[in-house]
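Per UniProt numbering, the sequence shown runs over residues 1 to 308.
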Amino acid sequence: MDQVNNSRVAEFVLLGLSSPRELQLFYFAFFTLFYLSIVLGNLLIVFTVIFEPALHTPMYFLLSNLSFTDVCLSTFATPKMIVDFLVEHKTISFEGCMAQIFFLHVFAGGEMMLLVAMAYDRYVAICRPMHYLTIMNVRTCTSLVVGSWLIGVLHSVSQLVFTVNLPFCGPNKVDSFFCDLPLVIKLACTDTFTLEVLMLSDSGLMAMSCFVLLLVSCTVILDTVRRRSSVGMAKARATLTAHITVVTLFFGPCIFIYAWPFSNLPVDKVLSIFYTVFTPLLNPLIYTLRNKEVISAVQKLRHRQVSS
Numbered sequence: 001m002d003q004v005n006n007s008r009v010a011e012f013v014l015l016g017l018s019s020p021r022e023l024q025l026f027y028f029a030f031f032t033l034f035y036l037s038i039v040l041g042n043l044l045i046v047f048t049v050i051f052e053p054a055l056h057t058p059m060y061f062l063l064s065n066l067s068f069t070d071v072c073l074s075t076f077a078t079p080k081m082i083v084d085f086l087v088e089h090k091t092i093s094f095e096g097c098m099a100q101i102f103f104l105h106v107f108a109g110g111e112m113m114l115l116v117a118m119a120y121d122r123y124v125a126i127c128r129p130m131h132y133l134t135i136m137n138v139r140t141c142t143s144l145v146v147g148s149w150l151i152g153v154l155h156s157v158s159q160l161v162f163t164v165n166l167p168f169c170g171p172n173k174v175d176s177f178f179c180d181l182p183l184v185i186k187l188a189c190t191d192t193f194t195l196e197v198l199m200l201s202d203s204g205l206m207a208m209s210c211f212v213l214l215l216v217s218c219t220v221i222l223d224t225v226r227r228r229s230s231v232g233m234a235k236a237r238a239t240l241t242a243h244i245t246v247v248t249l250f251f252g253p254c255i256f257i258y259a260w261p262f263s264n265l266p267v268d269k270v271l272s273i274f275y276t277v278f279t280p281l282l283n284p285l286i287y288t289l290r291n292k293e294v295i296s297a298v299q300k301l302r303h304r305q306v307s308s
């Protein structure tokens, strides 16, 4: 009995999206198309910002980094989910499961901080326009991006330290399409109440703090925009609206899942798909469809490639 209790599971079973075989094939085609759209759409923004001099500004530098993070966020689990639609036994090794947890929190934490950085950029541009180029210089922008990734890594390591040394002796079924931390911790063969509180304090507090900070900054910016009436402020209002939309779509599901991290509600699986698959595609659409500068830059880049 002691040998069984001390043994660690070698793999986890991902229950995925339980549905009939015919629906699994539909999901395979649907999510494959979605994933390709995410990668192509976001990489298009990255390369457009890199190769179009007109977009070499702090706002688009941060936007290109957000697009790159979206590609990473959708890649840590979506390709495996797509392949799993074609197989009957959906398994992942213990090491692969820990890797998914690590990269999820690196990319999600990094994206949270990038959204905060973008809000700061908009605050400086609208509330302190005369000092914008001085404050948002190359060094500041680079520091914001590097800081976002560092915070994401530190946040992820703090989460993984709680999990990797837990005794997992069975069961090993994860009711999701990837290894989500609250679901994996529940499978440990020990009392995890303290770890639950620590995880809630870490992930939940980080998500809620960033969200509240973003709401406060957006309120200040909107008040400034309301008191000014000009063409520049109309453009700023459109950019800010897009940013608020992205913030709501990203933070909403995260806060809901980590506010009740161990309840395992049926809607949690849908929300997990939303912020790891749907939101990374919505970001480029929201930021570009109403942005004439990006659309114009994409057209210039296309004409340049055709001419060459």
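Ideal Cβ positions, reconstructed from N, Cα and C, are used throughout, including at glycine.
Nothing here was measured: the structure is a model prediction, and the numbers come from that model.
Nearest-angstrom beta carbon gap, residue j and residue i [assumed within contact, 8 Å]
i	j	result
L62	M118	5 Å
G16	M81	7 Å
M112	A188	Contact doesn't hold; Cβ gap of about 27 Å is too wide.
residue 313	L183	Only positions 1 to 308 of the chain appear in this structure, which leaves residue 313 out of reach.
A77	F177	7 Å
residue 311	F28	Coverage of the chain is limited to positions 1 through 308, which leaves residue 311 absent and any answer about it impossible.
V277	S67	Contact doesn't hold; Cβ gap of about 15 Å is too wide.
T91	L14	7 Å
G109	S64	So it is not a contact: roughly 19 Å between Cβ atoms.
F168	V49	About 43 Å separates the two Cβ atoms, so there is no contact after all.
Three-state secondary structure assigned by DSSP to residue i
i	result
F12	strand
F251	helix
P79	helix
residue 334	The chain is shown only over 1 to 308; residue 334 falls outside these bounds and no answer can be derived.
P20	coil
D61	The residue asked about is misnamed: residue 61 is Phe in this sequence, not Asp. Of the three classes helix, strand and coil, the one that applies to F61 here is helix, per DSSP.
L86	coil
S226	First, the amino acid is wrong: residue 226 is Arg here, not Ser. In this structure, R226 counts as helix in the three-state DSSP scheme.
residue 364	With the chain represented from 1 up to 308, any question about residue 364 goes unanswered, as that position is not in the structure.
H105	helix
R128	coil
H243	helix
D2	Since pLDDT at D2 reaches only 42, below the 50 mark, its modelled position is unreliable, and the value read off the structure follows with that caveat. The answer is helix: DSSP assigns D2 an H, G or I state.
Residue burial classification, residue i (beta-carbon count within 10 angstroms, cutoff 16)
i	result
H243	buried
T190	exposed
Q159	buried
D223	exposed
S143	exposed
V294	buried
V161	exposed
V4	Note that V4 scores a pLDDT of 42, beneath 50, so its modelled location is shaky; the value from the coordinates is reported in the next line. Label assigned to V4: exposed.
R122	buried
P20	exposed
F30	exposed
S201	exposed
T248	exposed
S296	exposed
H303	exposed
H89	exposed
S209	exposed
K269	buried
V246	buried
L285	exposed
Residue(s) in a DSSP beta bridge with residue i
i	result
T91	V13
8 Å Cβ cutoff, residue i in contact with chain B
i	result
T69	No chain B is part of this structure, which consists of one protein chain only.
Please give the ranges of any alpha helix (DSSP H) in the stretch 130-209, keeping only runs that are unbroken, at least 4 residues long and fully inside the region. 132-135, 138-163, 181-185, 193-199
Legend entry - Continuous beta strand (DSSP E) assignments of at least 3 residues falling wholly in the stretch 22-52: none
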